[in-house]
Amino acid sequence: EQLSDSLSIATRCFPKWVAVFPREFSFLFRTKVRQIHLRCTALGVSRAVAWLQDEVTGYKAKKRQLAHVTLEISAMFRGVPDIARYEQLQEMSDRLEDELRAIEQEHC
Numbered sequence: 007e008q009l010s011d012s013l014s015i016a017t018r019c020f021p022k023w024v025a026v027f028p029r030e031f032s033f034l035f036r037t038k039v040r041q042i043h044l045r046c047t048a049l050g051v052s053r054a055v056a057w058l059q060d061e062v063t064g065y066k067a068k069k070r071q072l073a074h075v076t077l078e079i080s081a082m083f084r085g086v087p088d089i090a091r092y093e094q095l096q097e098m099s100d101r102l103e104d105e106l107r108a109i110e111q112e113h114c
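Counting in the numbering used here, the sequence shown runs from 7 upward without gaps.
Okay, structure coming up:
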């Protein structure tokens with residue numbers, strides 16, 4: 007249960023065994039838990055908090071998806087554009103931009 011609270015891990019507000027057990031007895035923990043522990047302890051508090059925020063909001067994933075959609079839209083104009091697909095991609099792009107804007111307003 008101690009390892010399930012990522013913010014406690016990131017800020018190092020936990021009993022000593024929480025730091026020792028994943029290193030010494032890694033076979034006791036699922037891979038996902040060990041990865042979370044590593045991300046929350048290896049690069050400092052500021053990076054851990056940034057990673058945790060991104061996990062909650064999905065900001066980076068949405069940015070990557072928007073970049074992919076934008077590339078696909080631009081690639082359509084190199085050949086014969088499919089208007090229906092273009093409209094679908096444009097709607098997806100608009101939705102992603104709105105979601106990103108909302109995340110930025112909420113967290114900045």
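Ideal Cβ placement from N, Cα and C applies to all residues, glycine included.
I need the boundaries of the alpha helix (DSSP H) containing residue i, first residue and last residue.
i   : result
S80 : 65 to 82
L44 : 37 to 47
P28 : 22 to 30
Would you mind working out which of the options sits nearest residue i, comparing C-alpha positions?
i    : options            : result
R101 : Q71, A48, S80, T17 : Q71
E78  : K66, Y65, L95      : L95
L106 : K68, M82, E93      : K68
C110 : V55, S14, A73, T63 : According to the sequence shown, residue 110 is Glu rather than Cys. Measuring from the Cα of E110, the nearest candidate turns out to be T63.
E112 : D60, A73, R40, Q41 : D60
What number of angstroms, rounded off, separates the C-alpha of residue i from the C-alpha of residue j?
i   : j    : result
T17 : L34  : 23 Å
P87 : G50  : 47 Å
S80 : E103 : 17 Å
P21 : H43  : 14 Å
A32 : L58  : This sequence places Ser at residue 32; Ala is not what is there. So the two alpha carbons sit approximately 22 Å from each other.
T47 : Y65  : 21 Å
I89 : R53  : 42 Å
S99 : T76  : 7 Å
R91 : A73  : 16 Å
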